[in-house]
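Residue numbers (the working numbering): 227 to 323. Cβ coordinates follow ideal geometry from the N, Cα and C atoms, glycine included. None of these values were measured; they are calculated from a predicted model. In what follows, a single structure is set out as structure tokens and then discussed.
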Amino acid sequence: MLVAAVFAGLLLIAVTSLNGLDEHSAERECRDELRALKAASERFKAELTVYPENDQKLQDAGYLQLGDTPNWKVVTPSLEGEPTYVHVGDRCTSLDP
Numbered sequence: 227m228l229v230a231a232v233f234a235g236l237l238l239i240a241v242t243s244l245n246g247l248d249e250h251s252a253e254r255e256c257r258d259e260l261r262a263l264k265a266a267s268e269r270f271k272a273e274l275t276v277y278p279e280n281d282q283k284l285q286d287a288g289y290l291q292l293g294d295t296p297n298w299k300v301v302t303p304s305l306e307g308e309p310t311y312v313h314v315g316d317r318c319t320s321l322d323p
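In structure tokens, the structure reads:
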């Protein structure tokens, strides 16, 4: 009986640790996607002198594939202005662009 209780305790600790790792990897993935989107936007501006209106413009110009950053999108309301990075869905809501 004692062995079963110890085993259950160890199993609980392992599952809790794995859940924490999953949350950290999801956050890391969100940060990596945002970083890639910002870098592509800056490359776009460096070559074309304006920020992209949206993600599609980045893809059309060959700077980024839409599937590379599924949790983020870029929006530049005025081509003279700075872009805004918006999370898509619930996965990256805890990050501040």
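1. Who are the Cβ neighbours of residue 319 in its own chain at under 8 Å, not counting the five residues just before and after it?
2. Return the Cβ separation of residue 297 and residue 269 in integer angstroms, given the expectation that the two are a contact with Cβ distance under 8 Å.
3. Compare the Cα-Cα distances from residue 306 to each of 284, 254, 276, 259 and report the closest residue.
4. Would you list the one or two residues that DSSP bridges to residue 297?
5. Taking residue 311 as part of the beta strand (DSSP E), name the residues at either end of that continuous run.
6. How big is the Cα-Cα spacing for residue 266 and residue 321?
7. Using only alpha-carbon positions, find the residue among 274, 257, 273 that is nearest to residue 311.
8. Go to residue 291, then tell me how far its alpha helix (DSSP H) extends in each direction, as first and last residue.
The structure says:
1. Around residue 319, the same chain offers 313 as residues with beta carbons nearer than 8 Å, after the five sequence neighbours per side are excluded.
2. Between residue 269 and residue 297 the Cβ distance is about 20 Å, and since that is not below 8 Å, they are no contact.
3. With distances taken between CA atoms, residue 306 lies nearest to 276 out of 284, 254, 276, 259.
4. According to DSSP, which records beta bridges pairwise, residue 297 is partnered with nothing at all.
5. First-last of the beta strand (DSSP E) with residue 311: 310-313.
6. C-alpha of residue 266 to C-alpha of residue 321: approximately 19 Å in a straight line.
7. Cα-wise, what sits closest to residue 311 is 257.
8. Note, residue 291: premise wrong, no alpha helix (DSSP H); not H, not E.
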